[in-house]
Amino acid sequence: MRPGKWLTPLGSSLRAYKTRLEQLFAAGLPSRSVREVLPCVDSGTVPPGLLDHPETERARISRRIIDLLAARDRLDDVIANTRNPPPSCDHTQ
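When the letters of the sequence shown are read in order and numbered with the numbering used here, they come out as residues 521 to 613.
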């Protein structure tokens, strides 16, 4: 990365800034979008259309969370049935 005014804004701790960068990248935003969004996070002003990609990624993450919660619930059922099999189960541990 090339240093620029968006990389180390005044008044922001480097650690907090690094955390924000990591969170935006983890959310699936490409570096181009991160460069556009990050100054807005600091300033509180957002130009029209800038939130399209972040909103799309947020919706994708929300769907993924729902899927992961459903998978966890299924695993809970498997674990519970394995630990305490119903009487009709003829499999042994």
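In this text, a Cβ means the ideal position worked out from N, Cα and C, and glycines have one as well.
Residue 535 and residue 595 have their C-alpha atoms spaced approximately 37 Å apart. Under the 10 Å beta carbon count, residue 574 is surrounded by 16 or more other beta carbons and is classified as buried.
Taking a C-beta distance under 7 Å as the contact criterion, residue 554 and residue 560 do not qualify as a contact pair.
Shown here for residue 577: same chain residues with a beta carbon closer than 8 Å to its own, the five before and five after excluded, namely 547, 548 and 549 in chain order. Residue 608: not part of any alpha helix (DSSP H); DSSP gives it neither H nor E.
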